[in-house]
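Participant: I have a structure here, written as structure tokens, and I will follow up with some questions on it.
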Amino acid sequence: MKDNPTTSRLSGSSNDVGDGQDQSDVFRGVSQSASRQEKGSDKGISSQSVPAFVAGMELADMADTDPRIVVLTADLASANRLADFGARHPERFFNMGIAEKNMITAAAGLASTGLIPFVGTFASFAALLGYEQIRTDCAYPGMPVRVLAHHSGMSLGYYGSSHHALEDLAAMRAVADLTVACAADGNQLRAMLRKSLEIRGAMYLRLGRGRDPEVYPDVPDDFVFGQAVLLRDGVDATIIATGSEVHPALGAAKLLLDRGIKVRVLDMHTIKPLDVGAVIAAATETSAIVTVEEHSVIGGLGGAVAEVLADHRLAIPFRRHGVQDEYVLIGPPAGLYAHYQLDPSGIASVVEQVCTAG
Amino acid sequence: MDESSTVDLQRLKDRALFVRLETLRLTRIAGAGHYSGTFSAAELLATLYYHQLQIDPSRPDWPDRDRFVLSKGHAAIGLYPILADLGYFDVSDLDDYTRLGSAFGDHPDMRKVRGIDFSSGSLGHGLSIGVGMALGARVHEKDFRTYVMVGDAELNEGQVWEAIMAARHFQLGSLVCLVDRNQLGIDGRTEDIMAIEPLHDRFNAFGWDVQRIDGHDVGAIVRAFDWLDDANPNVPHVIIADTVKGKGVKRMELDVGWHVGNLNDQDYEAVYAELVEGAR
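Protein chains in written order, with numbering that gives the first Met the number 0: chain A, 0 to 357; chain B, 0 to 279.
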């Protein structure tokens, strides 16, 4: 088993921006201009690592021509780089302080006047502290609030479980009239932000820690919410991955090919509405399905796919892979991904087990 | 010159009675209803809608209209009749109140009821909605006002104080909070359950312009609204309206048992007569 060190989360190199946890990164964020330097630099940083916190710049560009866009954050403008928006459109940028509930509800009030608010904070606080505000004030009245839930999953590593969001997809998926999607990288996030203007009602966008490895070399202009992306085809199994697990899923597929297992990889970026057709096709055209998500195995992507398989009586070898029903260990993200088999080699072994057991 | 002297105060009193009588009628349809917290707000609702709000019932989406958020959404039973009376929808529509498939529930749904500026029901949210609306007015460079009516016991919700802080921070002079200070929560007096006083000092300490009035005196309510035109335009405004929960019906006044209740047929007639008599 050999993995490409530039794409592996296990490389352990402090220069690999997708791996370790540098506390200063979280609160300084990664500006777009800095990223460009890093990307082309010879400091040993993976050429496949790009900052995903492009929302500030992308929204600022969009706001140049769209007067409806406003942005709110809760004392995290530097961490999520929404400060990039504030610098260019200060009259449409609101730092609400550490008061997430007021922020999300106020965004709904702004939306009621005809604006489109983008609200950014850590996923754990957006989804779990602000859950009722998202449901009652954004989704239920049909307000076009876009929640940018960053540092999702366990990407805040040794900050611990208070700062992890491993339940947010399960919670959000149960809310009616709410679109739920996970960005695999910065380019897909750009596409999501642009296409979000065509979506009615509220939206929950789940982002990683801002330095996710690149899945899409360019902004995918053909992106459509609710339509999974076939990234790689195969017949022996399908890995259905979302958000931060799309890149390692592709790594796993390469490893499995070396072992003679041909794997289809679907980027199921939209958790709701789920691309049911893509799940049914995977169940009928390939021999097994493994869902992979940086989330609890309860109620998220795995739960959504399991519901489709059960509803359609598609009895094939199937595994929900993610974090079991537990609070995870303390440690840097790279160590956690390896421990919970959410890195390429870990995913590959899970898929191999499912294929051989089937 | 006191502007309130030119206002038809008798009409406002009459509309407050109308709110109470309609609350009786609609509660009878539902089988139970929030009488007492609606009776405490009757004069405030009537004065807002028949005197203060810059609105146009023929254009519920008019971008320049004043906004009203009923954060204490359980008083919607008193707001629906006003909206019908003003022409947002047919009065007869209310005959379906709370029935299966009705637009009119115990708490208001903006997607179902014309004239409702925002859905409410979960206490503690409304003032944050108002903060967003007032910020929206600023972004759109419009000068409409946003009025939010909160219940007194609702002030126990932490989110309200987040909104109070934000409103002052952003200098939202177009935001007006009305506190229906009717003394009671569901389980008893607010000061016994979780004290909220001294309210005047607390709002003052958060940098708000504070007035405290008799919330059943329509003249006082009109004067409090008039003050807004002369008050500091760079701070948010609160009108703490001292009211009586269940106002107008002796058996309900300050009796926690009538937060939600239902009158039998005989008592219905007696209470109806008491309200009409009391308004004379």
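By construction, the Cβ of each residue, glycine as well, lies at the ideal position given by its N, Cα and C atoms.
(1) Measuring CA to CA, which of A/Tyr-139, A/Ser-243, A/Val-278 and A/Val-289 is closest to A/Val-262?
(2) Locate the beta strand (DSSP E) running through B/Ile-239, then write down its first and last residues.
(3) Can you name the start and end residues of the beta strand (DSSP E) that A/Val-118 belongs to?
(4) In whole angstroms, what separates the C-alpha of B/Asp-116 from that of B/Lys-71?
(5) In its own chain, which residues sit with a C-beta less than 6 Å from the C-beta of B/Gln-51, not counting the 5 before and 5 after it?
(6) Starting from the C-beta of A/Arg-91, find all residues in its chain whose C-beta is less than 6 Å away, skip the five residues before and the five after it, and write them out in chain order.
(7) On the three-pair Cβ rule with 8 Å, is the segment 139-153 of chain B touching the segment 128-136 of chain A?
(8) Should B/Gln-170 be flagged as near chain A, meaning a C-beta pair shorter than 7 Å?
(9) Tell me whether A/Ile-97 sits in a helix, a strand or coil according to DSSP, three-state version.
(10) Helix, strand or coil for B/Tyr-146, going by three-state DSSP, please let me know.
(11) Could you name each continuous alpha helix (DSSP H) segment of 4 residues or more that falls completely within the segment 54-85 of chain B, going from the start of the chain to the end?
(12) In angstroms, rounded to a whole number, what distance separates the CA positions of B/Val-248 and A/Gly-301?
(13) Can you pull the chain B residues whose beta carbon is under 8 Å from the beta carbon of A/Phe-93, in chain order?
(14) Interface residues of chain A around B/Asp-116 at Cβ under 8 Å?
(15) Can you list the residues of chain B that A/Ala-106 reaches, using a CB-CB cut of under 8 Å?
(16) What does the Cβ neighbour count give for A/Thr-135, buried or exposed, with the cut at 16 atoms within 10 Å?
(17) Can you list the residues of chain B that A/Thr-178 reaches, using a CB-CB cut of under 8 Å?
(18) B/Ser-173 and B/Ala-133: beta carbons closer than 7 Å?
(19) Closest by CA to B/Asp-205, which one among B/Ala-165, B/Ala-136 and B/Tyr-48?
(20) Taking 7 Å as the CB-CB limit, is B/Met-148 close to chain A?
(21) For the segment 264-274 of chain A against the segment 333-349 of chain A, do three or more pairs of beta-carbon atoms, one drawn from each stretch, fall closer than 8 Å, so that the two count as touching?
(22) Give every residue of the same chain whose Cβ lies closer than 6 Å to the Cβ of B/Thr-26, excluding the five residues on either side of it in the sequence, and list them in chain order.
(23) Taking the alpha helix (DSSP H) that B/Lys-283 belongs to, which residues open and close that run?
(24) If you follow the beta strand (DSSP E) that A/Val-69 is part of, which residue opens it and which one closes it?
(25) Would you identify the three-state DSSP class for B/Asp-13, choosing helix, strand or coil?
(26) Within a Cβ cutoff of 6 Å, which residues of the same chain sit near B/Glu-21, ignoring the five residues on either side of it in sequence?
(27) Here's the rule: buried if 16 or more other CB atoms are within 10 angstroms of the residue's CB, otherwise exposed. What is B/Lys-111?
(28) Name the residue from A/Gly-85, A/Val-234, A/Ala-138 and A/Val-278 whose alpha carbon lies nearest to the alpha carbon of A/Ala-240.
(29) Quick check on the burial criterion: 16 or more other C-beta atoms within 10 angstroms. Buried or exposed for A/Ile-115?
(30) Against chain A, does B/Arg-110 count as a neighbour if the rule is that its beta carbon must be under 7 Å from one of theirs?
(31) Within 10 Å of its beta-carbon, does B/Glu-276 have 16 or more other beta-carbons around it, so buried, or fewer, so exposed?
(32) So, using beta-carbon positions, are A/Gly-225 and A/Gly-141 closer together than 7 Å?
(33) Kindly indicate which three-state DSSP category B/Ser-127 falls into: helix, strand or coil?
(34) When the cut-off is 7 Å and only beta carbons count, does A/Asn-101 lie next to chain B?
(35) Applying the 10 Å Cβ sphere with the 16-neighbour rule, what's the burial state of B/Trp-61?
(36) Any beta carbon from chain A within less than 7 Å of B/His-124's own beta carbon?
Facilitator: Concretely, from the data shown:
(1) Indexing the first sequence from 1 puts residue 262 of chain A at position 263. Here the closest residue by C-alpha is A/Val-289.
(2) Within the second sequence, the letter at position 240 stands for residue 239 of chain B. DSSP places B/Ile-239 in the uninterrupted beta strand (DSSP E) bounded by 236-241.
(3) Your numbering for residue 118 of chain A matches position 119 in the first sequence. Residues 115-121.
(4) In the second sequence, residue 116 of chain B corresponds to position 117, counting from 1. In the second sequence, residue 71 of chain B corresponds to position 72, counting from 1. Near 14 Å, if we compare the C-alpha coordinates of B/Lys-71 and B/Asp-116.
(5) Within the second sequence, the letter at position 52 stands for residue 51 of chain B. Scanning its chain for C-beta atoms nearer than 6 Å, with the 5 sequence neighbours on each side dropped, one finds around B/Gln-51 the residues Phe-224, in chain order.
(6) Locating residue 91 of chain A in the first sequence gives position 92, where the first residue counts as 1. Once the five neighbours on either side are set aside, the close Cβ partners of A/Arg-91 are Val-69.
(7) Touching, no.
(8) Reading the second sequence from its first residue, position 171 is the one you call residue 170 of chain B. Taking Cβ atoms only, chain A never reaches closer than 7 Å to B/Gln-170, which makes this a no.
(9) Taking the first residue of the first sequence as position 1, residue 97 of chain A is located at position 98. Coil, per DSSP.
(10) Counted from its first residue, the second sequence places residue 146 of chain B at position 147. If DSSP states are grouped into helix, strand and coil, B/Tyr-146 belongs with the strands.
(11) With a minimum length of 4 residues, the continuous alpha helix (DSSP H) runs that stay inside the segment 54-85 of chain B are 75-85.
(12) The sequence position of residue 248 of chain B within the second sequence is 249, counting from 1. The sequence position of residue 301 of chain A within the first sequence is 302, counting from 1. Answer to the nearest angstrom: the Cα atoms are 57 Å apart.
(13) Counting from 1 along the first sequence, the entry for residue 93 of chain A is found at position 94. Close partners of A/Phe-93 in chain B (Cβ separation under 8 Å): Leu-134 and Phe-169.
(14) As a working note, residue 116 of chain B is residue 117 in the second sequence. Here the neighbours are Ser-111.
(15) The count along the first sequence starts at 1 and reaches residue 106 of chain A at position 107. The contacting residues are Gly-131.
(16) Taking the first sequence and counting its residues from 1, one reaches residue 135 of chain A at position 136. So A/Thr-135 counts as buried.
(17) Counted from its first residue, the first sequence places residue 178 of chain A at position 179. Chain B residues near A/Thr-178: none, gap ~17 Å exceeds 8 Å.
(18) Position 174 of the second sequence, counting from 1, holds the residue named residue 173 of chain B. Position 134 of the second sequence, counting from 1, holds the residue named residue 133 of chain B. In this structure, B/Ser-173 sits near B/Ala-133, with a CB-CB distance shorter than 7 Å.
(19) Numbered from its first residue, the second sequence carries residue 205 of chain B at position 206. Residue identity differs from the one stated: residue 205 of chain B is Phe in this sequence, not Asp. With distances taken between Cα atoms, B/Phe-205 lies closest to B/Ala-165.
(20) Residue 148 of chain B sits at position 149 when you count from the first residue of the second sequence. No, B/Met-148 does not count as interfacial toward chain A.
(21) With the cut-off at 8 Å, the segment 264-274 of chain A and the segment 333-349 of chain A do not touch.
(22) Reading the second sequence from its first residue, position 27 is the one you call residue 26 of chain B. Sequence-distant Cβ neighbours of B/Thr-26 in its own chain, meaning closer than 6 Å and more than five residues away, are Gly-32.
(23) No answer is possible for residue 283 of chain B: the residues shown for chain B start at 0 and end at 279.
(24) Reading the first sequence from its first residue, position 70 is the one you call residue 69 of chain A. Unbroken beta strand (DSSP E) run through A/Val-69: 68-72.
(25) Within the second sequence, numbered from 1, the residue matching residue 13 of chain B stands at position 14. Of the three classes helix, strand and coil, the one that applies to B/Asp-13 here is helix, per DSSP.
(26) Along the second sequence, one-based indexing puts residue 21 of chain B at 22. Within the same chain, B/Glu-21 has close Cβ partners Pro-80.
(27) Reading the second sequence from its first residue, position 112 is the one you call residue 111 of chain B. B/Lys-111 comes out exposed.
(28) Taking the first sequence and counting its residues from 1, one reaches residue 240 of chain A at position 241. The residue among A/Gly-85, A/Val-234, A/Ala-138 and A/Val-278 with its C-alpha nearest the C-alpha of A/Ala-240 is A/Val-278.
(29) What you label residue 115 of chain A is simply residue 116 of the first sequence in a count that begins at 1. Per the 10 Å Cβ criterion, buried.
(30) Here residue 110 of chain B corresponds to residue number 111 of the second sequence, with the count starting at 1. Yes - at least one Cβ of chain A is within 7 Å of the one on B/Arg-110.
(31) One-based indexing of the second sequence puts residue 276 of chain B at position 277. Exposed, by the Cβ-count rule.
(32) Working through the first sequence from its first residue, we reach residue 225 of chain A at position 226. Working through the first sequence from its first residue, we reach residue 141 of chain A at position 142. No, the Cβ-Cβ distance between A/Gly-225 and A/Gly-141 is not below 7 Å.
(33) Here residue 127 of chain B corresponds to residue number 128 of the second sequence, with the count starting at 1. Helix at B/Ser-127.
(34) Residue mapping note: residue 101 of chain A aligns to position 102 of the first sequence, counting from 1. True, the Cβ-Cβ gap to chain B drops below 7 Å.
(35) The residue you call residue 61 of chain B lines up with position 62 of the second sequence. Label assigned to B/Trp-61: exposed.
(36) Taking the second sequence and counting its residues from 1, the one referred to as residue 124 of chain B is at position 125. At least one chain A Cβ lies under 7 Å of B/His-124.
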